[in-house]
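Heads up: the sequence shown at position 248 corresponds to 248 in UniProt numbering, and the numbers run straight through without jumps.
We put the beta carbon where it would ideally sit given N, CA and C, even for glycine.
Predicted model only: the values in this text are computed from it and were never measured.
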Amino acid sequence: MSEGVMQADQPEVLEGEGKDLFSKFDDIIAMREGLLASGVEDPFSLVMEKVLSPTRAICNGRDTILLGTYNYMGMTFDPDVIDAGQQALADFGSGTTGSRVLNGTYQGHRECEDALREFYGMDHAMVFSTGYQANLGIISTIAGKGDYIVLDIDSHASIWDGCAMGNAEVVPFKHNDIEAMEKRLKRIPEGAGKLVILEGVYSMLGDVAPLKEMVRIARKNGAMVLVDEAHSMGFIGENGRGVVEDAGVMDDVDFIIGTFSKSVGTVGGFCVSNHPKFEIMRLVCRPYVFTASLPPSVVATAATSIRKLMSAKDKRDHLWQNSRRLHSGLKGLGFELGTDEPQSAIVAVIMPDLEKGAAMWSALLTEGLYVNLARPPATPANMTLLRCSLCAEHSSEEVETILGMFERAGKAVGIV
Ligand code: PMP
Numbered sequence: 001m002s003e004g005v006m007q008a009d010q011p012e013v014l015e016g017e018g019k020d021l022f023s024k025f026d027d028i029i030a031m032r033e034g035l036l037a038s039g040v041e042d043p044f045s046l047v048m049e050k051v052l053s054p055t056r057a058i059c060n061g062r063d064t065i066l067l068g069t070y071n072y073m074g075m076t077f078d079p080d081v082i083d084a085g086q087q088a089l090a091d092f093g094s095g096t097t098g099s100r101v102l103n104g105t106y107q108g109h110r111e112c113e114d115a116l117r118e119f120y121g122m123d124h125a126m127v128f129s130t131g132y133q134a135n136l137g138i139i140s141t142i143a144g145k146g147d148y149i150v151l152d153i154d155s156h157a158s159i160w161d162g163c164a165m166g167n168a169e170v171v172p173f174k175h176n177d178i179e180a181m182e183k184r185l186k187r188i189p190e191g192a193g194k195l196v197i198l199e200g201v202y203s204m205l206g207d208v209a210p211l212k213e214m215v216r217i218a219r220k221n222g223a224m225v226l227v228d229e230a231h232s233m234g235f236i237g238e239n240g241r242g243v244v245e246d247a248g249v250m251d252d253v254d255f256i257i258g259t260f261s262k263s264v265g266t267v268g269g270f271c272v273s274n275h276p277k278f279e280i281m282r283l284v285c286r287p288y289v290f291t292a293s294l295p296p297s298v299v300a301t302a303a304t305s306i307r308k309l310m311s312a313k314d315k316r317d318h319l320w321q322n323s324r325r326l327h328s329g330l331k332g333l334g335f336e337l338g339t340d341e342p343q344s345a346i347v348a349v350i351m352p353d354l355e356k357g358a359a360m361w362s363a364l365l366t367e368g369l370y371v372n373l374a375r376p377p378a379t380p381a382n383m384t385l386l387r388c389s390l391c392a393e394h395s396s397e398e399v400e401t402i403l404g405m406f407e408r409a410g411k412a413v414g415i416v
């Protein structure tokens, strides 16, 4: 059917009839148009024309250092990871075309869950199609109507969405404030179900939660505890198990949520737990049941990467070195940073406003450096941030080059 015929068949839509449901986006459309009118490149539609390694890509025809990925451990081009993915693609095909509870569990999904159980030393592991869905699924399924969720106000969108989907009473507390958390917990009615949700590393400022104390208080007040370790898996802790390991509270948390889209270097999400009834989640958790499972190549790359991350101490050490050097170098140049000391692989540079932030982002890209421009509502306290995330594959020389780029761009834009 030609377009002309299709149009002739359509009922006529009269202007002015009903409300345009897009009108709620007018403010954000105006903000975006204003930003682009100032002449900067669109920070939210960058295309990587070619990816050369975990730390370099061709952007706008130019060799660019990547300092704004979640590829913390640089596993995306690991030869063993790539081999495993190619083999699985050849042996099992391109996709499962089904849910985990029907035709979508292949040998590779089981092996991936075995690798996670081993990595965390936990009894149960459940793989989801993304980390977003892992939070959505676990939170909404365990905390329902009449239950209480006490969570940090700066929690990731997937955590908030999981809370909303489950319909529990949501009680936020001030970011990383132990006393505020305790106060909220004490106000919950006797006998109600309680879940405390924390993150190991908060991704906007790269700061770490005081998990030792928070987990102790949560337990003392009879709450179950879920920790999202998306930004610490593979890197923080003696064995890369995250802030939970570093704080010595592995045995005191009920659920650890994680993702394959950061240190693991592919896509997918998971939950690990020692709860004796955990396996029932496979039948009652809607974001697990009602979606297709991950492709065989993805679970094969994830399992291989997870196993390699168990013995990646040298990489972890080098990543810490990179994080410390970037942090002290940027501080020395006069930039305002999100944390006084480096606490993770994320170093957030605070910009005075969105216009200056976008100008700085653009100037860095012209220098050949990609960072993340983050703005509200993703950021806390209405901040505009240039979020830098380091990779274990950045060489020490690259970090020095990055500092030189920041110095030139910062002076050009008038920030330092
Ligand atoms: N939790 C946190 C803290 C995150 O930052 C993210 C993603 N940025 C997710 C969960 C979701 O992970 P995924 O990309 O696997 O959906």
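Quiz prompt | Contiguous alpha helix (DSSP H) assignments of at least 4 residues, all confined to the region 272-299 | solution = Here the runs fully enclosed are 281-284 and 286-289.
Exercise. Give the DSSP bridge partners of residue 201, in chain order.
Key: Paired residue(s): 208.
Quiz item: Is there at least one non-hydrogen atom of ligand 1 closer than 7 angstroms to the beta-carbon of residue 156?
Solution: Within the cutoff, so yes.
Quiz prompt | Alpha carbon of residue 186 to alpha carbon of residue 330, nearest angstrom | solution = Distance between the alpha carbons of residue 186 and residue 330: 42 angstroms.
Practice problem: Could you work out which residue in 34, 167, 158 and 301 is closest to residue 378 when comparing CA atoms only? | Solution: Selected option, being the one with the closest Cα: 158.
Quiz item: Is residue 404 helix, strand or coil by DSSP?
Solution: Here residue 404 sits in helix by DSSP.
Practice problem: May I ask you to check if the CB of residue 407 is nearer than 7 angstroms to at least one heavy atom of ligand 1? | Solution: Checking every heavy atom of ligand 1 against the Cβ of residue 407, none is found closer than 7 angstroms.
Quiz item: If you compare alpha carbons, which of 398, 193, 315 and 145 is closest to residue 233?
Solution: Nearest of 398, 193, 315 and 145 to residue 233, Cα basis: 315.
Quiz item: Around the Cβ of residue 4, are there at least 16 other Cβ atoms within 10 angstroms (buried) or fewer (exposed)?
Solution: Note that residue 4 scores 38 on pLDDT, short of 50, meaning its location in the model is unreliable and no value can be drawn from it.
Quiz item: Can you list the beta strand (DSSP E) stretches of 3 or more residues lying completely in the region 120-191, in chain order?
Solution: Listed in chain order, the complete beta strand (DSSP E) runs (minimum 3 residues) inside the region 120-191 are 124-128, 148-152 and 169-173.
Exercise. Under 8 angstroms Cβ to Cβ from residue 357, same chain only, skipping five residues before and after it: list those, please.
Key: Setting aside the 5 residues that flank it on each side, residue 357 is surrounded in the same chain by 351, 373, 375, 384, 385 and 386, each with a C-beta closer than 8 angstroms to its C-beta; the list follows chain order.
Quiz item: Looking at C-alpha atoms only, which residue of 408, 400 and 369 is the closest neighbour of residue 48?
Solution: For the residues 408, 400 and 369, the minimum Cα distance to residue 48 belongs to 369.
Quiz prompt | beta strand (DSSP E) segment containing residue 228, residue limits | solution = Unbroken beta strand (DSSP E) run through residue 228: 224-228.
Quiz item: How about residue 201 and residue 208: do their beta carbons lie closer than 8 angstroms?
Solution: Going by C-beta atoms, residue 201 is nearer than 8 angstroms to residue 208.
Quiz item: Expressed to the nearest angstrom, what Euclidean distance is found between the alpha-carbon atoms of residue 170 and residue 401?
Solution: Here the C-alpha atom of residue 170 lies approximately 45 angstroms from the C-alpha atom of residue 401.
Self-check item: Terminal residues of the alpha helix (DSSP H) in which residue 264 lies
Solution: Unbroken run through residue 264: none, as it is neither H nor E.
Quiz item: Using 8 angstroms as the threshold, is the region 144-164 in touch with the region 113-128, meaning 3 or more CB pairs across them?
Solution: As far as the Cβ criterion goes, the region 144-164 does not touch the region 113-128, which means the pair count is below three.
Exercise. Under 7 angstroms Cβ to Cβ from residue 210, same chain only, skipping five residues before and after it: list those, please.
Key: 176 and 178.
Quiz item: Under a three-way DSSP split, which group does residue 395 fall into?
Solution: Correct three-state label for residue 395: coil.
Practice problem: Starting from residue 446, follow its DSSP beta bridges and name the residues at the other end. | Solution: The shown model of the chain, from 1 to 416, leaves out residue 446, and the question about it has no answer.
Quiz item: Between which two residues does the beta strand (DSSP E) harbouring residue 346 extend?
Solution: Counting along the chain, the beta strand (DSSP E) containing residue 346 begins and ends at 346-351.
Exercise. Report the three-state DSSP secondary structure of residue 99 (helix, strand or coil).
Key: It is coil, neither helix nor strand.
Quiz prompt | Residues sharing a beta bridge with residue 384, DSSP | solution = Its beta-bridge partners are 351.
Self-check item: residue 36, DSSP secondary structure in three states
Solution: Helix at residue 36.
Quiz item: Can we count residue 242 as close to ligand 1, meaning its CB is less than 7 angstroms from some heavy atom?
Solution: Distances from the CB of residue 242 to the heavy atoms of ligand 1 are all 7 angstroms or more.
Quiz prompt | Buried versus exposed call for residue 17 [16 or more other C-beta atoms within 10 Å across all chains shown] | solution = Counting the other CB atoms within 10 Å of its CB gives residue 17 a total below 16, which places it among the exposed residues.
Quiz prompt | Local Cβ density within 10 Å of residue 236, reported as buried at 16 or more and exposed below that | solution = Buried, by the Cβ-count rule.
Quiz item: Given residue 2, which residues of its chain have a CB within under 6 angstroms of its CB, disregarding the five upstream and five downstream residues?
Solution: Only weak support is given to the placement of residue 2: the predicted model assigns it a pLDDT of 38, under 50, and the value that follows is read from those uncertain coordinates. If the five residues before and after residue 2 are omitted, its C-beta is found closer than 6 angstroms to no C-beta atom of its own chain.
Quiz item: Residues bridged to residue 92 by DSSP?
Solution: Answer is none; residue 92 lacks a bridge partner.
Quiz item: Which two residues bound the contiguous alpha helix (DSSP H) that contains residue 419?
Solution: The requested residue 419 is not part of the displayed model; the chain covers only 1 to 416.
Practice problem: Starting from the Cα of residue 93, find the closest Cα among 296, 281 and 257 and give me that residue. | Solution: The shortest C-alpha separation from residue 93 is found at 296.
Quiz item: By the 10 Å Cβ neighbour count, where 16 or more other Cβ atoms means buried, how is residue 241 classified, buried or exposed?
Solution: That one is buried.
Quiz item: Out of 76, 393 and 298, which has the shortest C-alpha to C-alpha gap to residue 96?
Solution: The residue with the shortest Cα to Cα distance from residue 96 is 298.
Practice problem: Along the alpha helix (DSSP H) that carries residue 78, what are the first and last residues, could you check? | Solution: For residue 78, no alpha helix (DSSP H) run applies, since DSSP gives it neither H nor E.
Quiz prompt | Cβ distance (whole Å) where residue 292 is taken to contact residue 410 below 8 angstroms | solution = Not really, about 46 angstroms apart at Cβ, beyond 8 angstroms.
Quiz item: For residue 231, is the beta carbon positioned less than 7 angstroms from some heavy atom of ligand 1?
Solution: Yes; taking the cut-off as 7 angstroms, the Cβ of residue 231 has a heavy atom of ligand 1 nearer than that.
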